[in-house]
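Q:
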Amino acid sequence: MIKKISKHTTGLKGNIKIPADKSISHRSVMFTSLAKGKSLIKNFSKGEDPHSTLRIFKQLGVEAEFLDEKTLTINSKGTLHKPQDNLDCGNSGTTMRLMSGILATQNFTSTMIGDESLSKRPMRRVIEPLSLMGANIQSTDGHAPLIITGSNLQPINYTSKLASAQVKSCILLAGLNTEGLTSVTEPYISRNHTELMLKYMGANISVEGNTVSIEKSELEPRTIEICGDISSAAYFIVAGLIVPNSDIILKNIGLNETRTGILDVVKMMGANIEILDKQTISGEETGDIRIKTSELKGCKISGDIIPRLIDELPVIAVLATQADGETIVKDAGDLRNKESDRITATVTELKKLGADIEELEDGFVIHGKSILKGGCEVNTYHDHRLAMSLYVAGLIAQKEIAINDFEWASISFPEFETLFNSLM
Ligand code: S3P
Numbered sequence: 052m053i054k055k056i057s058k059h060t061t062g063l064k065g066n067i068k069i070p071a072d073k074s075i076s077h078r079s080v081m082f083t084s085l086a087k088g089k090s091l092i093k094n095f096s097k098g099e100d101p102h103s104t105l106r107i108f109k110q111l112g113v114e115a116e117f118l119d120e121k122t123l124t125i126n127s128k129g130t131l132h133k134p135q136d137n138l139d140c141g142n143s144g145t146t147m148r149l150m151s152g153i154l155a156t157q158n159f160t161s162t163m164i165g166d167e168s169l170s171k172r173p174m175r176r177v178i179e180p181l182s183l184m185g186a187n188i189q190s191t192d193g194h195a196p197l198i199i200t201g202s203n204l205q206p207i208n209y210t211s212k213l214a215s216a217q218v219k220s221c222i223l224l225a226g227l228n229t230e231g232l233t234s235v236t237e238p239y240i241s242r243n244h245t246e247l248m249l250k251y252m253g254a255n256i257s258v259e260g261n262t263v264s265i266e267k268s269e270l271e272p273r274t275i276e277i278c279g280d281i282s283s284a285a286y287f288i289v290a291g292l293i294v295p296n297s298d299i300i301l302k303n304i305g306l307n308e309t310r311t312g313i314l315d316v317v318k319m320m321g322a323n324i325e326i327l328d329k330q331t332i333s334g335e336e337t338g339d340i341r342i343k344t345s346e347l348k349g350c351k352i353s354g355d356i357i358p359r360l361i362d363e364l365p366v367i368a369v370l371a372t373q374a375d376g377e378t379i380v381k382d383a384g385d386l387r388n389k390e391s392d393r394i395t396a397t398v399t400e401l402k403k404l405g406a407d408i409e410e411l412e413d414g415f416v417i418h419g420k421s422i423l424k425g426g427c428e429v430n431t432y433h434d435h436r437l438a439m440s441l442y443v444a445g446l447i448a449q450k451e452i453a454i455n456d457f458e459w460a461s462i463s464f465p466e467f468e469t470l471f472n473s474l475m
């Protein structure tokens, strides 16, 4: 689907509720499915990725019933059964990598497959630690399909080269069903939703610095209410800052510190942004964010902040085109392994629009402020975050832009355009 976007001049105005966090939605289904009994999940994501996870647990014998569009019960015997067919993870790296840790300790063989993009993404990062625990995983040169024959594993004390919540969570999920103490240490702290939710469900899990340790534990069923996704809010934060005459409030946003790198960055750039009404919901911090159009200056983004804003970097690049001076993003080489090579994709497409942006091996440099001329077609690379970032760029481009394959936005955020329209 080609989406045409033209410049918005009258300003974004109003309040919107940001839909459920994708990372927390995946985990809510995975962990309640491992708990014997009935759990309730409120405000589950409508994104295609969390629904891939849900479909897989139904194939593994878990009962899921929707009470309305976003509320469901999960009824589990606490054990999973061998699936009849391949488990299709679709576009979702979180599903495939976290499921690897769960499937590696089951008493059956299963095969996980993914779409074209997921089949190209590196899986050695989970195969290696799981194999050190004794897991039996066959892949095609480190890529899906993954054929996993479950067994009893040995605990591990693993130091990861990557600050990746998917790798960390995979090992912790294998450790959850393995006798002894399993620990993972990462170079910088990545998102910690796994740790918080496993603790909330009764697991024996502890955190010390950059190390998380877990012992074999039984999870208890729970009610989990999912907060809004700061990675989805990011498109509105950036649009609110760069579309002239804007003043918007985003409600119900997850403010977990391992995810709020974008708030630190926009503050560093001089944004007029306020956090209101902080609360804690199901173990996660939440709040509302008010954003007004702001004069911005460039900044340097590198080191331990990177995992705290990894998914927001394409839209931060759009923001940086409207900031005075240089914005440098470094230490973000893993962006090349996301749903697309997000470094090359962001640089190529923003250049087409008229941005002054240079590609680095592990990031990019943007010289602002520049006028985005637009008047061209841009590509999403079938990557939801590129689709939504380019839409935001279209709101300030001088001439209409046409975004190819825009429907990929639904991977995480089917409500994206309707919510934008409600602010116009
Ligand atoms: C996620 C972790 C991140 C992120 C992805 C979701 C998760 O990946 O990019 O969109 O839910 O654990 P990495 O942990 O591999 O960086």
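Our numbering applies: residue 52 is where the sequence shown begins, and numbers increase by one.
Beta carbons are placed, not taken as given, at the ideal position from N, Cα and C, and that holds for glycine.
Please report the straight-line C-alpha distance between Lys424 and Ala444, rounded to a whole angstrom.
A: 10 Å
Q: Please state if the CB of Ile222 and the CB of Thr233 are separated by a distance shorter than 9 Å.
A: yes
Q: Helix or strand or just coil, what does DSSP make of Ser463?
A: In the structure shown, Ser463 sits in coil (DSSP, three-state: anything other than H, G, I, E or B).
Q: What is the C-beta distance between Gly321 and Ser345, in whole angstroms, given that I count them as a contact (C-beta under 8 Å)?
A: 6 Å
Q: Given 8 Å as the limit, is there contact between the segment 302–316 and the segment 67–84, that is, 3 or more CB pairs closer than that?
A: Cβ pair count under 8 Å is three or more, so yes.
Q: For Ser202, count neighbouring Cβ atoms within 10 angstroms of its own Cβ and tell me buried if that reaches 16, exposed if not.
A: exposed
Q: Is the separation between the beta-carbon of Lys402 and that of Gly144 shorter than 9 Å?
A: no
Q: Alpha carbon to alpha carbon, how far is Ser463 from Leu227?
A: 28 Å
Q: Can you round the beta-carbon distance between Ile92 and Thr122 to whole angstroms, since I take them to be within the 8 Å contact cut?
A: 7 Å
Q: Which same chain residues, not among the five before or five after Ser84, have their C-beta less than 8 Å away from its C-beta?
A: Phe108, Leu111, Val113, Ile125, Ser127 and Leu131, listed in sequence order.
Q: Ignore the nearest five residues each way along the sequence and tell me which others in Gln157's own chain have a CB closer than 6 Å to its CB.
A: Leu131 and Gly201
Q: For the beta strand (DSSP E) containing Pro196, list its first residue and its last residue.
A: Boundaries of the beta strand (DSSP E) harbouring Pro196: His194 to Thr200, taken from the DSSP string.
Q: Please report the straight-line C-alpha distance between Leu169 and Glu276, rounded to a whole angstrom.
A: 29 Å
Q: Is the segment 366–380 touching the segment 410–430 in the sense that three or more CB pairs, one from each, lie closer than 8 Å?
A: yes
Q: Does the ligand S3P have a heavy atom nearer than 8 Å to the CB of Gly279?
A: Answer for Gly279: no, Cβ out of range of the ligand S3P.
Q: Do the CB positions of Asn430 and Glu458 come within less than 9 Å of each other?
A: no
Q: In the structure shown, what three-state DSSP assignment does Ser268 receive?
A: coil
Q: Does the ligand S3P have a heavy atom nearer than 8 Å to the CB of Arg359?
A: no
Q: Using 9 Å as the limit for Cβ to Cβ distance, is Glu266 near chain E?
A: Within the model displayed, chain E is absent; a lone protein chain is all it includes.
Q: Please give me, in chain order, every unbroken run of the beta strand (DSSP E) with length at least 3 that falls completely inside the segment 71–101.
A: 88–93
Q: Is it right to say Glu237 is buried, meaning 16 or more other beta carbons lie within 10 angstroms of its own, or is it exposed?
A: buried
Q: Could you round the C-beta distance between Ala155 and Ala225 to whole angstroms and report it? I think they count as a contact, below 8 Å.
A: Going by Cβ atoms, the distance from Ala155 to Ala225 rounds to 5 Å, so yes, they are a contact pair.
Q: Return the residue from the list Lys318, Ile422, Lys348 and Asn208 that minimises the CA-CA distance to Arg341.
A: Lys318
Q: Can you tell me where the beta strand (DSSP E) holding Ser161 begins and where it ends?
A: Thr160 to Ile164
Q: When DSSP builds the beta bridges, which residues end up paired with Met425?
A: With the sequence shown as reference, residue 425 is identified as Gly, and Met is not the correct amino acid for it. Answer is Lys450.
Q: Are Val369 and Val289 closer than 9 Å when you measure CB to CB?
A: yes
Q: Is it buried or exposed, Val258, if we count other Cβ atoms within 10 angstroms and call 16 or more buried?
A: exposed
Q: Any heavy atom of the ligand S3P inside 8 Å of the beta-carbon of Leu149?
A: yes
Q: Which whole-angstrom value describes the C-beta separation of Arg176 and Leu213, a residue pair presumed to lie in contact below a C-beta threshold of 8 Å?
A: The Cβ separation is near 6 Å, so the contact holds.
Q: Could you say which of Arg106, Thr311, Ile454 and Glu466 lies nearest to Ser57 if we only look at CA atoms?
A: Among Arg106, Thr311, Ile454 and Glu466, the Cα nearest to that of Ser57 is on Ile454.
Q: From Ser103 to Ser96, what does the alpha carbon distance come to, in whole angstroms?
A: Roughly 11 Å separates the two Cα atoms.
Q: Could you check what DSSP says for Thr372 in three-state terms: helix, strand or coil?
A: Here Thr372 sits in coil by DSSP.
Q: Nearer than 8 Å: is that true of the beta carbon of His77 relative to any heavy atom of the ligand S3P?
A: yes
Q: Give me the residue from Met174, Leu197, Thr146 and Asn142 with the minimum Cα distance to Thr160.
A: Among Met174, Leu197, Thr146 and Asn142, the Cα nearest to that of Thr160 belongs to Leu197.
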